[in-house]
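Undergrad: What follows is a single structure, and I will ask about it in a moment.
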Amino acid sequence: MRSASSASNVNGGVVAAAGTNNEILNQMQSQRSVLSSFARSSLGGDGRGTILPVVKHVDKVLMRKLATKVASPANRAMRTSDVDDATRIILRAWSSARSRGGATGLGDDGIVLAFRLREAPLRTLRRCMRLFICAGGGPGAMRGDGTNGWISVLDDESGVDSRSLSPKWHNVVYPGLSSRLGLDYYEFGRYYNHIPMRSNRLKTTVKGPFSCHCEFQLWELGVEIRSFVDQANEIYEIERQAHRKREKRMSKLESREYPEEERRVGFKDEEERNTMIRFLNRDGSVLLTEEGRRDVVTNILAQSFNDTHLQNDVVSDLVVDALLCNIENDILSFSNSECDDDCDGFICDTERLIAATAVICHRVLERRIKHPSAMLLSLVERPWLRHLCFDSILAYLLWDCIPIFERRGHHSIAVSILQTILLGQEMRNISDGSIESSESSLCLAGMKSKPYVECLLPRRNRGKACERLLIDMAHAGRRDKILFERKLEEKRKTKKGRKSSVANKKADQLPLKSICKALLSDTESIPFCSLRNLARRSSAPIPQTKERCALSIRPSGDDWSPKTDSAVANAIMSDSGDAGVGKRCAFVGWEMHDHLDEMEKHRSLNVEELAMEEYHFGRLPCDQGNEEEVKGQWVGWHNEGGHARALFRILCLHHLMECCPQDALGIDEHTTVILTPYQSSPHDLHVGCFKTLSGFQVRGFYERRRRAIESFLSDLMQLDACGIGNKVYESVKQRWERHKSDQSRLKDSRLLKDVTELKTLSLIGQALGPVALTRIFRALCFDYRHWSGGLPDLFLVRARYEYASPSGANSVPFVQLADWIGEGFSNEKNDSYIHKNHISMLTDRDDEFLGQPKNADGLSSQNLSSARKKQGAPYVQLPLFPEKLEFVHDGKSVKAECMFVEVKSANDRLSERQEDWLSILEPDARVCKFTNSASGKKSNFTENLS
């Protein structure tokens, strides 16, 4: 963990040239780092030079000072003879200790008294903490959010613009400190076992994350680049919003008769403000010049080819020259795009910084994939360590930069990057403005990407990248065709030429269809929902994948459609045109609380709250042929499956963690799955189950624990509804009793939340039943990163007496949950939620995402999610452990019912993952679609999706 300090070497050369004999200065300038002294056994040889040898003169001074302290009693004056005697005794003891060190194999230099650090101690400490925090964060969190470890250690030297909210070290959350202060509790810490140190005496099969020092150095470089891009993205979002406001104001002024100079007043200062951000120890603006890019590639990124394995295949100088040539060609292509006045199309320098960084990282990653390192090759065996792999960090960074190229029309660069992170090489050839369909499609169809390339990104990101690849290729082909036709416009003015141009439109679609079919062969490393999109674009049948069969997605056929409840509700802002596609809508409501005095304070509600009102009063659902069903009395939560994820953690996850699977070749990999005692999930939970194109089975969470998972789910299927409720109670009680004291329980915030809602969780478990829970748990085990999101918006419950007659005149079929359950259903709780604008909405459980943020796929949401962490933990009191929920009320048996509802307004549509969840949860899931008029109620919901 030493820094490359070129200044020390330069100074040492000057001193040597001057012929000085200052031995201490020469030693201090040539010494190695502190931790390198412990790597002596792995380096081989005699180990000379690995110890910090600053012992001359300094040892004598320190020994004399120590003797002075020893010989200075408090009751008499100190004499020189006393100090001399004490010095001789200390030196004799020190010599004896050094000799014993030599007997143990440390040598004469095995114990040193003084040494000099190569960098500031605070920076060294930050590097240690960054490694520890990032290692524990896992592959589910590979972006900086302001509180995690993905942050630069050069934070104090980065002159970040004051408008930026860039992460600072004083905002970092240290998990060990939070645990000791009682601010957080890490329940997976009891599964932690440290990785034993390598020793010639102790033989172990455990392999650490890094096999050599070079891999760790590259990881540090990757984190620094990631931090730079995160800060640049944050500043870019601020500038982008300012640019939108500026354009809106300019459009208003264009209609008035003002001179151009006066119209520019007020915008000049904003346009001339430069955002200062540093790239490692350099000004980030150097990336905007050719000399700066050459300096960065030569002096910083060149070390990415210093790996011993790479040096056998690559010559450094030739690699750097080829990289620089490709990088400058890519930068030049920005100006050659379809923009006015030969500009590059970017709106600010921060955008250009991100684009230049992405281009450099793309070419570096392309070369490293061609000559894979040992760390990259090991991803196939241990994909849960991709957050510690330099190549995976670059791939994830490039994926985050794709939207910028797409916004500015640079689709060719986006296609090149996507092909690299998906396939490992570029397969798109452009000649004279047209895609060579005969060569590129055939080459792609016969190509198989390397197994380690398929492990660079999670399955969900790979699936979305495949979809973006096809879209960007269509845009790039369309743009190239326009440019090509402009060149031949003067030569082609006959009807024959025009007809051939029209005929070429159909021919241009052939390469995309062939590429779609080629990507469909990759049926395992991308989710089923992405495969459906590819199949739709190529008019191919939907493939029958392992994921589809295991999770029972669309078992009735490809033409399946979800149950849909349609209702008429005109949004308040829809007539003005402000409610565009994907935007939130506001409605008039609060009918169920019209009797309250606070009704005047709440004049609007969102679409989920409107749906809650419709189901509560029985206007929905509108099932045909079931008129005898009693409707209404539905209450619940808008938490997008939060309680389902909570039950997965309570019932399933901890049981599976007890089962340590037998890994291949007898290697104990549990220590790398739980790298630190402060993890919120096992790392392999974020590795999906899939098989590479070459046939290698990637061992994610499901594959490594397949036998234990299927056995647990089989036992769960044997339980009845009441048995599931009892199992929830017993699981929470075991965790409660595992704590030795109430003080320990107060640290476990999730346990306190589970205890305060224990009856509610038992009710939900009983309402879901064994079949629905088994399907949910299997999906989350199969690929938690993908299936933890996309669950329906609302989860509604109600309870009814099991033998009540709904047609009876005096019968009351529904149970008052406030009387039976209490907890969040009580009137006192409801009053507080009404005051907080959460009418009919109960507590949210956004924190139930294990090892990843709620919106793991969005850059803009990271700092928003971290803002809640900075608020601190509220003061809580230890609740009393409740009694077990009995499904009997007033002497009558009670049956709970539940329903998942995905709510869509008139300007919104279902995503493919949401459709798959509705298929998995059928028949307990449906869609609530609001239309703007009565005519829309008769339309088919599936037509709106298209």
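Residue numbers (our numbering): 14 to 959.
Note that CB positions come from ideal geometry on N, CA and C, so glycine has one too.
Please check the pair Q779 and A734, which I expect to be a contact at CB under 8 angstroms, by giving their CB distance rounded to whole angstroms.
TA: Working through the sequence shown from its first residue, we reach residue 779 at position 766. Working through the sequence shown from its first residue, we reach residue 734 at position 721. Going by Cβ atoms, the distance from Q779 to A734 rounds to 4 angstroms, so yes, they are a contact pair.
Undergrad: Pull up the distance between the alpha-carbon of N920 and that of L544, whole angstroms please.
TA: For the purposes of this step, residue 920 is taken as the residue at position 907 of the sequence shown. For the purposes of this step, residue 544 is taken as the residue at position 531 of the sequence shown. Computed Cα separation, rounded: 25 angstroms.
Undergrad: Taking its Cβ as the centre, do 16 or more other Cβ atoms sit within 10 Å of M730, making it buried, or is it exposed?
TA: In the sequence shown, the residue the question calls residue 730 occupies position 717. Flag for M730 reads exposed.
Undergrad: So, is T302 buried or exposed, given that buried needs 16 or more other C-beta atoms within 10 angstroms?
TA: Here residue 302 refers to the residue found at position 289 when the sequence shown is read from its first residue. Exposed: under 16 other Cβ atoms inside 10 Å.
Undergrad: Could you check the C-alpha separation between R719 and K746 for me, to the nearest Å?
TA: Looking up residue 719 in the sequence shown gives position 706. Looking up residue 746 in the sequence shown gives position 733. Rounded to the nearest angstrom, the two C-alpha atoms are 27 angstroms apart.
Undergrad: Between the alpha carbons of P695 and L401, how many angstroms are there, rounded?
TA: For this step, residue 695 is matched to residue 682 along the sequence shown. For this step, residue 401 is matched to residue 388 along the sequence shown. For P695 and L401, the distance between alpha carbons rounds to 15 angstroms.
Undergrad: Is L809 helix, strand or coil when you go by DSSP?
TA: Here residue 809 refers to the residue found at position 796 of the sequence shown. Of the three classes helix, strand and coil, the one that applies to L809 here is strand, per DSSP.
Undergrad: Starting from the Cα of R239, find the closest Cα among E498, I164 and V620 and give me that residue.
TA: Position 226 of the sequence shown holds residue 239. Measuring from the Cα of R239, the nearest candidate turns out to be I164.
Undergrad: With K167 and N294 assumed to form a contact (beta carbons below 8 angstroms), what rounded beta-carbon distance in angstroms separates them?
TA: Stepping through the sequence shown from its first residue, residue 167 is reached at position 154. Stepping through the sequence shown from its first residue, residue 294 is reached at position 281. It should be noted that the sequence gives Leu, not Lys, for residue 167. Yes, they are in contact, since the Cβ atoms of L167 and N294 sit about 7 angstroms apart, within 8 angstroms.
Undergrad: Please name the residue or residues paired with E915 in a DSSP beta bridge.
TA: On the sequence shown, position 902 is the one that residue 915 refers to. The partner list for E915 (beta bridge, DSSP) reads V940.
Undergrad: From the DSSP output, read off the bridge partner residues of V907.
TA: Numbered from its first residue, the sequence shown carries residue 907 at position 894. According to DSSP, V907 bridges with Y814.
Undergrad: Rounded to whole angstroms, how far is the Cβ of E815 from the Cβ of T773, which I believe are closer than 8 angstroms?
TA: Translated into positions along the sequence shown, residue 815 becomes position 802. Translated into positions along the sequence shown, residue 773 becomes position 760. No, E815 and T773 are not in contact; Cβ-Cβ is about 20 angstroms, not under 8 angstroms.
Undergrad: Can you give the Cα-Cα distance for L501 and A489, rounded to whole angstroms?
TA: Here residue 501 is taken as the residue at index 488 of the sequence shown, counted from 1. Here residue 489 is taken as the residue at index 476 of the sequence shown, counted from 1. Their Cα atoms are separated by approximately 19 angstroms.
Undergrad: Which residues mark the beginning and the end of the beta strand (DSSP E) in which D728 is found?
TA: Indexing the sequence shown from 1 puts residue 728 at position 715. No beta strand (DSSP E) holds D728; the alpha helix (DSSP H) holding it covers R719 to M730.
Undergrad: For H207, count neighbouring C-beta atoms within 10 Å of its own C-beta (all shown protein chains included) and say buried if the count is 16 or more, exposed if not.
TA: Your numbering for residue 207 matches position 194 in the sequence shown. Under this definition H207 is an exposed residue.
Undergrad: Using three-state DSSP, classify K897 as helix, strand or coil.
TA: Start at 1 with the first residue of the sequence shown, and residue 897 comes out as number 884. Looking at K897 - three-state DSSP - the assignment turns out to be coil, as it is neither helix nor strand.
Undergrad: So who's on the other strand from W650, going by DSSP bridges?
TA: Working through the sequence shown from its first residue, we reach residue 650 at position 637. Beta-bridge pairing links W650 to F808.
Undergrad: With D832 as the anchor, note down where its beta strand (DSSP E) starts and where it stops.
TA: Stepping through the sequence shown from its first residue, residue 832 is reached at position 819. That residue, D832, is in no beta strand (DSSP E); its alpha helix (DSSP H) goes L830 to W833.
Undergrad: With a CB to CB cut of under 6 angstroms and the five nearest residues on each side skipped, what residues in its chain are close to E467?
TA: Translated into positions along the sequence shown, residue 467 becomes position 454. Cβ within range, chain order: S538 and T705.
Undergrad: So does P222 have its beta carbon nearer than 7 angstroms to some heavy atom of the ligand MN?
TA: Absent from the structure shown: the ligand MN. Ligands present: none.
Undergrad: Among residues of its own chain, excluding the 5 on either side of L786, which ones have a beta-carbon nearer than 6 angstroms to its beta-carbon?
TA: The count along the sequence shown starts at 1 and reaches residue 786 at position 773. Excluding sequence neighbours, L786 sits near nothing in its chain.
Undergrad: What are the boundary residues of the beta strand (DSSP E) that A580 is part of?
TA: For the purposes of this step, residue 580 is identified with residue 567 of the sequence shown, where counting begins at 1. Start and end: T577 to V581.
Undergrad: Please state whether DSSP places F223 in a helix, a strand or coil.
TA: Translated into the one-based positions of the sequence shown, residue 223 becomes position 210. In the structure shown, F223 sits in coil (DSSP, three-state: anything other than H, G, I, E or B).
Undergrad: In whole angstroms, what is the alpha-carbon distance linking L470 and S405?
TA: Here the question's residue 470 lines up with position 457 in the sequence shown. Here the question's residue 405 lines up with position 392 in the sequence shown. Cα-Cα distance, rounded: 7 angstroms.
Undergrad: If I'm right that G157 touches Y691 with Cβ under 8 angstroms, what's the distance once you round it to whole angstroms?
TA: Your numbering for residue 157 matches position 144 in the sequence shown. Your numbering for residue 691 matches position 678 in the sequence shown. The Cβ separation is near 18 angstroms, so there is no contact.
Undergrad: How would you call T93, buried or exposed, if buried means at least 16 neighbouring beta carbons within 10 angstroms?
TA: Position 80 of the sequence shown, counted from the first residue, corresponds to residue 93. T93 is exposed by the Cβ-count criterion.
Undergrad: For a quick check, are the C-beta atoms of V940 and K917 less than 8 angstroms apart?
TA: As a position in the sequence shown, residue 940 is number 927, starting the count at 1. As a position in the sequence shown, residue 917 is number 904, starting the count at 1. Taking 8 angstroms as the Cβ cut-off, V940 and K917 qualify as a contacting pair.
Undergrad: Which first and last residues belong to the alpha helix (DSSP H) in which D357 is found?
TA: Taking the first residue of the sequence shown as position 1, residue 357 is located at position 344. D357 -> no alpha helix (DSSP H), and no H or E assigned at all.
Undergrad: Per DSSP, what kind of secondary structure is N945 in: helix, strand or coil?
TA: Taking the first residue of the sequence shown as 1, we reach residue 945 at position 932. Three-state result, N945: coil.
Undergrad: For the putative contact between L104 and M142, defined by C-beta atoms under 8 angstroms, what is the C-beta separation to the nearest angstrom?
TA: Counted from its first residue, the sequence shown places residue 104 at position 91. Counted from its first residue, the sequence shown places residue 142 at position 129. In fact, because the Cβ distance is near 38 angstroms, the residues do not count as touching under 8 angstroms.
Undergrad: What span of residues does the alpha helix (DSSP H) with M625 cover, start to end?
TA: Numbered from 1 along the sequence shown, position 612 holds the residue referred to as residue 625. Taken as a continuous stretch (DSSP letters only), the alpha helix (DSSP H) holding M625 covers V620 to H629.
Undergrad: Assign V648 to one of two classes, buried (16 or more other C-beta atoms within 10 Å of its C-beta) or exposed (fewer than that).
TA: The count along the sequence shown starts at 1 and reaches residue 648 at position 635. Buried, by the Cβ-count rule.
Undergrad: Straight-line CA distance for P554 to R365?
TA: Start at 1 with the first residue of the sequence shown, and residue 554 comes out as number 541. Start at 1 with the first residue of the sequence shown, and residue 365 comes out as number 352. Between P554 and R365, the C-alpha separation is close to 42 angstroms.
Undergrad: If you measure between the beta carbons of R798 and H699, is that distance less than 8 angstroms?
TA: For the purposes of this step, residue 798 is identified with residue 785 of the sequence shown, where counting begins at 1. For the purposes of this step, residue 699 is identified with residue 686 of the sequence shown, where counting begins at 1. Yes, the pair counts as a contact, with Cβ atoms nearer than the cut-off.
Undergrad: So the candidates are F709, G570 and V914; which of them puts its Cα closest to the Cα of R395?
TA: On the sequence shown, position 382 is the one that residue 395 refers to. The shortest C-alpha separation from R395 is found at F709.
Undergrad: Please name the residue in R926, E915, T944 and R922 whose C-alpha comes closest to that of D937.
TA: Position 924 of the sequence shown, counted from the start, is the residue given in the question as residue 937. Out of R926, E915, T944 and R922, E915 has the C-alpha closest to the C-alpha of D937.
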